[in-house]
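J.: Under the numbering used here, think of the first position of the sequence shown as 4, with each following residue one higher. I'd like to ask you about the structure that follows.
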Amino acid sequence: MALFISAEGGEGAGKTELVRALAEQAERCGAEVVRTFEPGATPLGAALREQLLQNDEPIAPWTETFLFLADRAHHVDQVIRPALARGAVVICDRYLDSTFAYQGYGRELDLDLLRAMNRQAGGGLLPNLTLFLDVPAGVALARARPERRDRIGLETVDFHSRVLEGYKRIALAEPERVKTLDAMSPLPEVVAAAWAHIAPRLQRLGYRMDEAGR
Ligand code: T5A
């Protein structure tokens, strides 16, 4: 009955709102839903998140990467794998594609090395489905809640454009897993487009839908 879904995109793309709406919809189908996020969903992760995002001290790109990977390894071990083992539907706001897009494309670190390290941190666990919210970097940054702008959110528009390009390349390379959603559409349309990818998977797992497929 388990299903692992991740939501990806730049700051302000709409991931938090989308994950909330999808979690409610999946619960209505009778699923146990675990809504989670990276970085920072565990007590250890929260400490790492604070250091990563609210720290004025300069952080070298590989130091930053190791901290995100430490958060992921712990999160997978403590939250994601146990939930999947119970048969839950796990919906995660950011997962390993964030490291690839931000540290690989944004910070321009070696992609092959990152791929291997990412695989190691997640213990080989890949989402069954990844929803990539595609919205131009400038639009997303303007939408992002000011109180949530952090050390990485305050990077240059060039940095965020490289991140977006990274996501597009990941989506092109893995079309079965990664589905691109037009996040310039109104939120209810984005949610409906995402649900169209999720509903058949839930049905195959035996979850019930109403006549409207919700
Ligand atoms: N990071 C993370 C890395 O560098 N490497 C990694 O490996 C990982 C895991 C933290 C930072 O860490 C970096 C990336 C980030 O810089 P975060 O905590 O997920 O990441 O923070 P943000 O992505 O910055 O979260 P935000 O809350 O800012 O963005 P969301 O969740 O994408 O956007 P959301 O849903 O809060 O929406 C923002 C606003 O837009 C509106 C919403 O109502 C809200 O007001 N909105 C829409 N408006 C119009 N149309 C739509 N379709 C809309 N959808 C939402």
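Glycine included, each C-beta is placed from N, C-alpha and C at the ideal position. Since the structure is predicted, the reported quantities are computational estimates derived from the model, not experimental observations.
1) Okay, do the segment 93-106 and the segment 41-49 touch, 3+ Cβ pairs below 8 Å being the bar?
2) Taking all protein chains shown into account, decide if V160 is buried (16 or more other Cβ within 10 angstroms of its Cβ) or exposed.
3) If you follow the alpha helix (DSSP H) that I62 is part of, which residue opens it and which one closes it?
4) Please classify R165 as buried or exposed, where buried requires at least 16 neighbouring CB atoms within 10 angstroms.
5) Rank A29, Q81 and N58 by C-alpha distance to the C-alpha of L47 and give the top, closest one.
6) I'd like to confirm something about V79: is its beta-carbon nearer than 8 Å to some heavy atom of ligand 1, or not?
7) Residues in its own chain within less than 8 Å of G33 by CB, not counting five upstream and five downstream?
8) Going by C-alpha to C-alpha distance, which of D153, A186, V142 and W198 sits closest to D59?
9) Cβ-heavy atom distance between Q106 and ligand 1 below 8 Å?
10) For V194, list the residues DSSP reports as bridge partners.
11) How many angstroms separate the CA atom of P203 from the CA atom of L25?
12) Just mark Q57 as buried or exposed, buried being the case when its beta carbon has 16 or more other beta carbons within 10 Å.
T.: Straight from the coordinates:
1) yes
2) exposed
3) Premise fails: I62 is in no alpha helix (DSSP H) and is neither H nor E.
4) buried
5) Q81
6) no
7) Y210 and R211
8) D153
9) yes
10) Note: V194 sits in no beta bridge, so no partner.
11) 14 Å
12) exposed
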